[in-house]
Amino acid sequence: MFAQLIAYLRGLARRRQISLELEEEMRFHLEQQIEMNVRRGMSLAEARRMARLDFGGITQTRDAVGDVRAIWLDSVWRDIQLAVRLLLKQRAFTLTVSATLAVCLGANAALFAIVDHVLLRPLPILAPDRVVITGNRYPKAGVDSGYSTSAADYVDRLRETDVFEEQALFKLTNRSVDENGVPTRVPAMSVTPSFFRLAHVAPSLGRIFADNETEPGRQTKALLSFALWQSQFGADPGAVGRDLRIDGQPYTIVGVMPKAFALIAPDVALWTPLTLTSEDRTTHYNDVWGYIARLKAGSSIEQARAEIDAISRANLDRFPQFKRVITDTGFYTVVEGLQDSLVKDVRPALRLMWGGALFVLLIGCLNVANLVIARSRARAKELATRLALGAGPARIARQLITESLVLASGSAAAGLVVGRIGLKALDVLNLQDLPRGADIQFDASTVAFTVAASAIIGVFLGVLPTLVALPTAPTMWLNDEPRSTTIGSSARRLRRSLVVAQVAFAFVLLIGAGLLFASFRRVLAVDPGFQSAHVLTASVSLPASRYPEEPAARRFADDVLARLRALPSVATAGATDTIPFGNNHTNSLILPEGYQMRAGESITSPARVVASSDYLQAMHARLIAGRLFNDHDVDNAPNVAIVDQTLAARFWPGTSAIGRRLFRPDDPNNLVGITPTTQTFTVIGVIAPMKLETLADTREVSGAYYFPFAQQPERTVTFAIRTDGDPTLVSRAVRDAIQSVDRELPVFDLQPMARWTTKSLASRRAAMLLSLIFSGVALFLAAVGIYGVLVYVVAQRRKEIGIRLALGASARAVFALVMREGLVVSAVGFGLGAIGASALQRAFQSQLFGIAVTDPIVLVVVTGLLASVAAAACAVPAWRASRIDPRVAMCE
Amino acid sequence: MAKTDLLQGTLDLLILKILTLGPNHGWGISNRIRQISRDSLNASQGSLYPALHRLELRGDVESEMTPSENNRRARVYTLTRAGRRRLQTENASWERFVLSVGRILNAE
C-alpha cells in the first residue's frame, strides 16, 4: 500500500515530463524494430513499412497511454473533490481537526523559526565548523566564563601552532559617529587584518586591511558594515577612500562589508585595525582580547587543544615566578567551536521549548487521531458498501489518505498564519536578545518545515483508519450492528491508549512548566543587593582621542553629575563603569595586605567596579559596616576601597574589614609581595553583595571590590540616576544634561534600571511563559481527549446502561461506572507521565534554579490540577449517562 | 502463422513476468513476448504502452529514461517489490483459472 502511495505521488509530480518523453519512447521502439527488420534481410523501406504496420497507429497508442494517465489523474481529482465535499459536510469535525492542527503546527512553526536561526543554521561564513574560539579560565580565582585571551597567547600561537590556517585577535568597542549631526554610539570591532581572511568573506566594495595597517600612524582606516554605509553615505560606491569621523578623528574608509557578513557580534557597524604595543605582545595572563582561529582542513579541535595546552605548559616553565600562582588558580584554556560557544547558553532552554511545542503537536495529533477513528467507525457502513461494490482496499485507502492530506494541507495553511502571528507575539519576549536573535524570521525553511510536518500528519491520519477499519471483511460491517462488533472494541482500545498517551504527555509538560515557573519565582525573589525602582541609567563611552588623560574623564564625570543632581525630581546620581547586568564586568586580581595563603590556595580575581560618590547611594546598596564613598575621596586623598561581604568573609573571616588594606600586585616576580611602588587601598566600607552578572548566578562568586571613580576613572561610564517618580520622565533632561557637557558624545542605554534586570531574565522568562502556554494547551487537549472517549463509550453502551437502570441500578452507580472508566485511563496516563518526567530530569536540571526536579509542591499541584481537570472531563459524560432514560435507550 | 490476441488482463501478467528477468524497455518487452511464445503471442503496441503506464501508476513497475546505444534514450522499466508480489498472486489465480477452464472443457 505504501509503494502505491509513492507511485501515486510520483505520478502527480512527473506527469508533464512523461507525456513529453512518450514520443521519444515510441520513436525508440520503431527504430529498434526497423533495425531488427533490416538485420533480417529486409530493405530499409520495407523494414520501415513493416515496423510501422507492426506498431499500429502511433497516434492511437499515444492517445491510449494518455487515456490511462487521464483516467488516473481524473480519479485523483475526483478523490480530492470527494474529500473536500465530505469535509465540508462534516463541518464540526473539519473545524475541530483543522483548528487543533493549526494551533499545534503554528506553535511549532514559530519555535522552528527560532531554533533554526539560532541553533541550526551555520554561521554565514565559509566552513564555520572549522572556526574555533578560545578563552582562558582561572576557576579557583573566580574566572570561569568568557572567551578572552592575552595578546601574548596570540603571538605564541602564531609562532608555535601547526593546526591553524589563520588566527585573529579582536576587541569589541563602542565608537561614536555622527548621524545627521547627532553623535551616535555604534558597536565597533578592532581586528587584526587576518580576521577577514579567516572569515573568507570579501568586502563588497574596496579592500580589507593590509598587514601593515596595524602600525601606529597607519591605523586610522575603517571598514564599514553595509548598514552604516547606507546610513552614512546613502550607499554611495564613491564612499571608499573618503573620510569618516570616528570618535572625532578622521578615518579613511577602505571598504564596505557585504550585508550578510556577521562574525562574533551581529550588529558591528565598523571595523578598525587592532594595534598591539610591544608590552601587549609579551604580557601573559592579561586576558582582554578575543581570539578566533580557523583550523586547517583535516585538523581537529582536539589537536588544537593539545597544541595550546602544550604552549601553556611551556610558558609556566618559561616564567617560573608565575608557575605556582597560575597553577593554583586551576588555569586552563577552553577551545570550542565558535558556533557552539555562541549558542551554548541558550541551547538547553530552546531545546526545552521546542520539545514542549513538539509535545503539544503530538497531543494535538493524538486528539485528532481519536476523532478520526471515531469518524471512521461512523463511516464503516459507507466504506463497507464501497468495498462490496468492488472498490479494492487500496482504492479506499487512497481515498482516505487523500481526505486526510486535504485536511492536513488546509490545517498547514492556517498553521502558517498562526505561526507568523505567534512569532510576532513572541517578540514581547525580546527574542532579539538571544544570540543571533536579530536574524530570526519566518522564512522558506519554516514554511518547508510546516508543510513537511503536516504531510507526515496527513499520511498518518489517513493510514490510521485503514489500519483500524479496513482489514475486516465487508460482510461483517454490513450484517452486524456496528456498535457491538469486535472491531468496535479494538478501536476502543486504540482510542483509550491514545488518551493514556495524551495524559502522560500533558503531565510531563505540566511538570516542566511548573518547575520553570517555580524557578522563575525563586529567581525573582533573589536579593540583588540594590533597588532598581525609580533608577534611570545612561551610558557614554569616552573616546581616548579626546579624553587621553585621567583628569579629563574625571572632570567630565564631575560636570555631568553636577548637572544631573541639579535636575528637578532627581534625588541623587552617581556613575560607574559596571552597571549590574550590563554584561561588561571586569575581574581583576587583588590581595589583602599580610594575608597568608594556604598551600595550594588560589589567588582571586573578584569583580572590580568603579563607583563615584553617590553611585552606591543611588542604587540603594546596603551598607553593612563603615561608610560609602563621598566627595572627599578624590584624586589626591588617600586611596580607599569598598568590599562586599563575600570578599570580606574570604580575606578577613571573623574580623572587621574596615581599616584593612588591599593591594594590587605589581611585581611580576612575586605576585603576592608588596614593593615600594605597589598601590594600596584602605577598606572604608563593607556592603551587601550586589549581583552583577545575573540574578540566578549559581556559579561560585568570588565577590567584588569598589574603587572611587575620582581615583580610578574609566572611559566607559554609566550614570545611575535615582528619581522621585517614573524614571523615564527625566530621560530627555538626562540626555540633554550629558550632551551639554560634551555635544559630540552619544548617549546610549538610556533606560530604567528595571529594564536591565528584565533583559538579563529574557531567555528564562521566555522558556517559562512558553512552557506555561504549551502546558495550558496540552491540558485542554487532554481534557477534550478524555471527554471524547467517554462520550463515545457511553454512546456505545447506551442500551446496556438503559438495561442496568431498568433493572434497578441507581443513577449514582451508573455515574460511578463511567467515572471509573475515565479515571482508570487517566491514572495509567499519570503513571506513564511520571516515568517520562523522570526520564527528562537531566534536560530540566540545567534550567532550574533553587529547586529540585522532584520538588514536592510542584508535583502535588500539577497532579492535583491534572486530576481535577480529568475528573471534570469524566464527570460530564458520566452525569449524562446517569440521566439516560431506560425506556428510550432500550427501544432504540 | 496464426497469432493469438492476448486475453484482457493477461498482458499485465506477461509484462511483470518478463521484467523478473531484469529491467527492459518497451521494445525489448514486446520482442521477448514474441520470442518466448515463439511468435504465437503478439502484444500490440497500442495495448503494450498503456499497460506499462498503468502498471507504473499502480506502483508495480518503475521507469526511468536511460541512455542506450547510438545516443538514444529509452524508457527502461523495472519491477518493484509491489510488482513482484502482484505477480505471485496473479500467477496463482491464473493457474487456478486455467485449471478451472480446463476442467470445464474436459468435462464429459
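Chains as they are written, first to last, in the working numbering: chain A, 137 to 1028; chain B, 235 to 342. A virtual CB, placed ideally from N, CA and C, is assigned to each residue, including glycine.
Check your understanding: For chain A, is any of its Cβ atoms less than 8 Å away from the one on residue 308/B?
Key -> yes
Review point. Is the distance from the Cβ of residue 839/A to the Cβ of residue 779/A below 8 Å?
Key: Taking 8 Å as the cut-off, the Cβ atoms of residue 839/A and residue 779/A count as close.
Check your understanding: Relative to the C-alpha of residue 576/A, which residue among 588/A, 591/A, 559/A, 586/A is closest?
Key -> 559/A
Practice item. Determine whether the Cβ of residue 205/A lies closer than 8 Å to any Cβ atom of chain B. Key: yes
**Study point:** Where the beta strand (DSSP E) containing residue 383/A begins and where it ends
**Key:** Counting along the chain, residue 383/A falls outside any beta strand (DSSP E), and DSSP gives it neither H nor E.
Point to revise | Check whether residue 881/A and residue 870/A have beta carbons under 8 Å apart | key: The answer is no: Cβ separation not under 8 Å.
Review point. Using 8 Å as the threshold, is the region 171-187 of chain A in touch with the region 252-260 of chain B, meaning 3 or more CB pairs across them?
Key: Too few Cβ pairs lie closer than 8 Å, so no.
Point to revise | Rounded C-alpha distance that separates residue 821/A from residue 763/A | key: 5 Å
Exercise for review: Taking only the alpha-carbon atoms, compute the straight-line gap between residue 611/A and residue 258/A and give it to the nearest angstrom.
Suggested key: Note on residue 611/A: pLDDT 49, under 50, position unreliable in the model; no value is reported.
Check your understanding: Among 266/B, 272/B, 269/B, 286/B, which has the Cα closest to the Cα of residue 246/B?
Key -> Comparing Cα positions, the closest option is 286/B.
Review point. For residue 854/A, which option in 719/A, 260/A, 504/A, 390/A has the closest C-alpha, if you only look at C-alpha atoms?
Key: It is 719/A.
Check your understanding: Taking just the CA atoms, how far does residue 557/A sit from residue 618/A?
Key -> Model confidence at residue 618/A stands at a pLDDT of 46, short of 50, so the residue's coordinates are unreliable; what they give is reported in the following sentence. Cα to Cα, the separation comes out at about 44 Å.
Check your understanding: Considering residue 675/A, what are the terminal residues of the beta strand (DSSP E) in which it resides?
Key -> 671-677
Practice item. Could you check how far apart the C-beta atoms of residue 158/A and residue 201/A are, in whole angstroms? I think they sit under 8 Å. Key: 6 Å
Practice item. Kindly indicate if chain B contains any beta-carbon less than 8 Å away from that of residue 587/A. Key: no
Check your understanding: If you draw a straight line from the C-alpha of residue 276/A to the C-alpha of residue 842/A, how long is it?
Key -> 21 Å
Point to revise | Helix, strand or coil at residue 307/A according to DSSP, with G and I counted as helix | key: strand
Review point. Taking C-beta to C-beta, are residue 333/A and residue 302/A nearer than 8 Å?
Key: yes
Check your understanding: Hey, is the region 739-750 of chain A in contact with the region 899-912 of chain A, meaning 3+ C-beta pairs nearer than 8 Å?
Key -> no
Practice item. Name, please, each residue of chain B whose Cβ falls closer than 7 Å to the Cβ of residue 196/A. Key: What residue 196/A touches in chain B: 280.
**Study point:** Cβ separation of residue 540/A and residue 597/A, assumed to be a contact under 8 Å, to the nearest whole Å
**Key:** 4 Å
Exercise for review: Report the residue from 1018/A, 904/A, 450/A whose alpha carbon sits nearest the alpha carbon of residue 930/A.
Suggested key: 1018/A
Point to revise | Contact the region 642-653 of chain A vs the region 997-1016 of chain A: 3+ CB pairs below 8 Å | key: yes
Point to revise | Identity of the residue in 724/A, 704/A, 754/A, 214/A nearest residue 712/A by Cα | key: 754/A
Check your understanding: Under 9 Å Cβ-Cβ, which residues of chain B neighbour residue 177/A?
Key -> Simply none; closest approach about 17 Å.
Check your understanding: Going by other Cβ atoms of all chains shown within 10 Å of its Cβ, with 16 needed for buried, is residue 1010/A buried or exposed?
Key -> buried
Practice item. Taking residue 407/A and residue 304/A to be in contact with their CB atoms under 8 Å, please state how far apart those CB atoms are, rounded to whole angstroms. Key: Wrong, their Cβ atoms sit about 11 Å apart, outside the cutoff.
Exercise for review: Verify the CB distance criterion: does residue 174/A have a CB-CB separation below 8 Å to chain B?
Suggested key: no
Exercise for review: Starting from the C-beta of residue 182/A, find all residues in its chain whose C-beta is less than 8 Å away, skip the five residues before and the five after it, and write them out in chain order.
Suggested key: Contacts found: 173.
Practice item. Give the secondary structure of residue 470/A by DSSP, where H, G and I count as helix, E and B as strand, and everything else as coil. Key: strand
Review point. Do we get a CB-CB distance below 8 Å when we pair residue 201/A with the residues of chain B?
Key: Closer than 8 Å: yes.
Check your understanding: residue 875/A to residue 368/A, Cα distance in whole Å?
Key -> 22 Å
Review point. Under a CB-based cut-off of 8 Å, is residue 288/B close to chain A?
Key: yes
Practice item. Using a threshold of 8 Å, state whether the C-beta atoms of residue 261/B and residue 439/A are closer than that. Key: no
Check your understanding: If you follow the alpha helix (DSSP H) that residue 263/B is part of, which residue opens it and which one closes it?
Key -> 260-270
Practice item. Decide if residue 858/A is buried, meaning its Cβ has at least 16 other Cβ atoms within 10 Å, or exposed. Key: buried
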